[in-house]
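Contents: one structure, followed by commentary.
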Amino acid sequence: MNKVIGGAGDLINAKPADYKDNLYLAVNGAWQETATIPPDKSRTGGFTDLDEGVEKTLMKDFHEFANNEEEVDDPRLLQAVKLYRLVNNVDHLSKFHQQPILKDMQRITDLSNVKDLGDNLAQLSKDGFALPIDISIDADMKDTAKNVVYIDGAGLILPDKTYYDEKNESGKQLLAKYADVAGRLLSMIGYKLDEAKEIVEKALKFDKSLVPIVKSSEEWADYTKVYNPMKFDEFITKSDVLDLKSLVVDSVNDTPEKVIVTEPRYLDNLNKLVNADTFEDIKAWMMVKFLTGNASILDEEFRQVIGEYNLALSGAKELKNRTKYAYNFAASIFSEVVGVYYGKKYFGEKAKEDVRSMVKKMIAVYEQRLSENTWLSEDTKKKAIIKLDKIVIKVGYPDKIDDLYNKFEINENDSLYDNVSRIRKTIAQHNLDQYHEPVDRTKWLMPGHMVNACYDPSRNDITFPAAILQAPFYSLDQTSSQNFGGIGAVIAHEISHAFDNNGAQFDEYGNMNNWWTDEDYAKFKKLTQSMIDEFEGIPYAGHKVNGKLVVSENVADVGGLRCALEAAKSESDFDVKAFFINWARVWRNKSTQQLTEMFLSIDFHAPAPLRANVQAQNMDEFYDAFDVTEKDGMWIDKDKRVNIW
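For the sequence shown, this note's numbering assigns the number 10 to the initial residue and increments by one for each residue that follows.
Set out below in structure tokens:
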């Protein structure tokens with residue numbers, strides 16, 4: 010057995026190859042040799058290229074709207090355009106410089122002791138300050154009709170615990186860059202250099218204390234482990250110094266019977282992390298996190314300084330220019346508004362229905378495969394098909410924009426910081442208000458202009474935004490086999506998430522509920538372990554793939570590719586080679602070393618070239634199509650090929 014394609018680590022800058030030895034490079038090698046990453050990005054290729062096309066289209070529209078706002082017929086979109094114009098108005102923003110943030114930084118400075126911090130937790134949370142413990146509102150994973158309070162711990166400065174490993178040189182360099190940038194930002198708002206240095210040192214000391222206690226990305230990948238119900242009366246005893254009761258009660262104006270603890274280890278160590286001795290370090294950490302988190306919305310000089318750290322993290326050579334930044338910022342704040350505008354103008358209702366019918370066809374293929382499954386009992390099969398039939402399909406863009414966006418108002422005479430602060434507080438309050446509301450199952454997790462797709466286990470729905478529904482994923486100019494190798498596999502991938510190692514633990518209504526027989530689930534666990542083993546330790550870009558981190562996405566990939574292949578076979582013009590070639594084409598990707606390293610630490614997806622190759626290696630049809638034998642690099646012994654759905 011070849012663990013995977015001769016030299017997976019060489020895929021970053023490799024030359025073309027034969028289909029038998031390396032599918033990804035046979036399809037993308039010539040492109041890989043000549044492709045250049047735009048200086049203001051950290052990668053290029055399939056998804057990124059589409060994203061750039063959407064960005065160019067909408068930037069042009071925003072520019073025209075900014076110069077002629079009478080053309081905007083949606084008042085919410087007009088507010089997005091005003092925000093774009095404000096962010097782009099460098100001269101106006103420079104008048105304010107650091108002033109707007111000073112009053113909020115002073116609120117942290119004024120905290121005199123740990124009790125003072127505890128008494129103000131709820132208000133500080135509503136106003137967007139980084140805290141050592143915080144709350145959020147989301148569906149109860151065991152009763153998804155209701156919203157409940159979730160308790161969250163603090164986040165690290167660097168992307169993941171692995172960056173803090175003694176042997177991780179990148180982590181050391183990033184932390185040094187962060188310290189330098191944070192110190193300079195503090196001096197820019199009036200701190201003396203020695204004061205700034207001391208504040209940063211204290212902040213990094215508290216950050217370091219979190220490392221052994223917070224969850225790793227691998228732990229977060231086991232999604233159901235965030236569900237740890239605790240009686241409210243017990244929760245409020247977990248800190249000797251913080252008023253945890255008022256944190257919750259003052260936030261939701263109610264006293265819940267229970268809370269859901271996302272990180273039990275963190276809560277068990279709360280007294281060790283937060284006490285009178287650590288208070289000054291926490292205060293410094295709050296100051297540094299708040300300043301670095303808001304620096305880019307002060308003025309251009311501040312954006313450039315914090316940008317130095319962001320460039321070091323991503324590996325991009327330069328920041329987006331101000332106009333591109335203005336568009337991306339406005340589109341992120343008004344995401345659903347912009348997504349609906351994009352969907353209606355560039356996608357439309359007809360395309361919506363075309364793709365919806367494609368999704369239904371894929372669900373039918375999935376249902377057939379479940380019916381013919383040889384390792385599930387009849388009882389589990391029936392329940393799986395019930396779940397499949399209940400999946401809610403969301404294509405293109407939502408029919409209705411969330412009322413939240415009606416509350417966003419931009420005052421172009423104010424500073425950008427004050428405008429954004431108001432909006433963020435509105436969002437925070439809106440989210441807290443959901444505690445008293447039933448779960449909104451019509452909510453979309455992704456806007457229409459996003460090049461992506463997703464499955465939500467708590468709503469049992471799949472979302473395909475308009476922006477992903479274009480070539481090479483989907484086009485009327487492509488053959489059916491090409492489309493099934495592209496968008497067909499993406500659609501089936503998202504359906505497969507309903508039956509990955511996380512999704513399989515939720516029923517047809519999105520409730521965490523064991524609907525399997527013990528024997529069937531044991532077989533399923535064995536199959537998912539095979540998927541972990543298949544990817545574990547594959548060398549890539551000087552590092553190794555973590556099989557546990559990427560297992561859920563790999564289960565969805567192999568299920569999606571299998572079902573898309575079955576659907577493609579039913580077409581009269583089926584072309585197996587075209588199917589696999591387009592499958593590899595959509596994973597075309599070239600990334601900076603820094604981004605690659607970060608994704609290997611935190612991303613639940615395997616690197617794109619490995620997704621293309623390893624999943625093709627699991628399909629018997631691939632070997633027949635390209636006449637692959639034991640002598641070839643793409644060969645995997647038949648008993649080692651992983652197929653779950």
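Note that the Cβ used here is the ideal one computed from N, Cα and C, for glycine as well.
With a minimum length of 3 residues, the unbroken runs of beta strand (DSSP E) contained wholly in the stretch 264–318 fall at 267–270. Between GLY352 and GLY457, the beta carbon gap of about 4 Å places them in contact (Cβ cut-off 8 Å). Residue burial annotation: PRO616 is buried, with at least 16 other C-beta atoms found within 10 angstroms of its C-beta. Across the set PRO48, TYR444, LEU536 and GLN514, the C-alpha of PRO48 shows the shortest separation from the C-alpha of THR601.
Here the alpha carbon of LEU195 sits roughly 11 Å from the alpha carbon of ILE110.
The alpha helix (DSSP H) runs of length 4 or more contained entirely in the stretch 605–637 are, from start to end of the chain, 617–626 and 629–635. Going by C-alpha positions, ASN76 is about 40 Å away from ASP147. For the pair of segments examined, the stretch 492–508 was found to touch the stretch 560–577: the number of CB pairs separated by less than 8 Å reaches three. In the DSSP annotation of this structure, the continuous segment of the beta strand (DSSP E) that includes ILE142 starts and ends at 142–149.
CA-CA distance, ILE432 to PHE343, rounds to 10 Å. Within its own chain, the residues whose Cβ lies closer than 7 Å to the Cβ of ASN382, once the five positions on either side in sequence are excluded, are LYS390, listed in chain order. Counting along the chain, the unbroken alpha helix (DSSP H) around ASN37 starts and ends at 32–43.
PHE71 and TYR414 have their C-alpha atoms some 18 Å from each other. Judged by DSSP secondary structure, THR526 falls outside any alpha helix (DSSP H); it is assigned neither H nor E.
Non-local C-beta neighbours of GLN443 in its own chain, meaning closer than 7 Å and more than five positions away in sequence, comprise ILE146 and ASN156, ordered along the chain. Here ASN330 is not bridged, per DSSP, to any residue. Within a 10 Å sphere around the beta-carbon of GLN88 sit 16 or more other beta-carbons, which makes this residue buried. Out of TRP525, ALA325 and SER226, the CA that lies nearest to the CA of SER610 is found in SER226. For THR118, the number of other beta carbons within 10 angstroms of its own is below 16, and it is reported as exposed.
In the structure shown, the three-state DSSP call for PHE417 is coil. Within the same chain, ILE222 come within 8 Å of ASN278 by CB-CB distance, once the 5 residues on both sides are set aside. Of the candidates ALA44, ILE198, VAL258 and LYS151, the residue whose Cα lies closest to the Cα of ASP113 is ILE198. Around ILE395, the same chain offers GLU517 as residues with beta carbons nearer than 8 Å, after the five sequence neighbours per side are excluded. Within the same chain, THR389 come within 6 Å of TRP525 by CB-CB distance, once the 5 residues on both sides are set aside.
Judged by DSSP in its simplified three-state form, PHE56 adopts helix.
DSSP places MET367 in the uninterrupted alpha helix (DSSP H) bounded by 357–380.
Excluding sequence positions up to five before and after ILE306, its CB lies within less than 6 Å of the CB of LEU425, TYR426 and VAL429, all in the same chain and listed in chain order. Annotated three-state conformation of ILE160 is strand, per DSSP.
In terms of CA proximity to ASN461, THR472 leads the group THR451, THR472 and ARG468. Put simply, the backbone Cα of ASN262 is about 16 Å away from that of THR435. For LYS135, the closest C-alpha among the options ALA26, ASN652 and ASP259 is that of ASP259. Beta-bridge analysis with DSSP links ASP152 to ASP149. A straight-line Cα-Cα distance of about 43 Å links SER323 and GLU580.
Following the DSSP letters along the chain, one finds PHE215 inside the alpha helix (DSSP H) bounded by residues 202–219.
Spatial neighbours of ALA131 in its own chain (CB-CB distance under 7 Å, excluding positions within 5 residues in sequence) are listed in chain order as SER255, LEU256, ASP259 and SER260. Take the alpha-carbon of ASP83 and the one of ARG450: they are about 25 Å apart.
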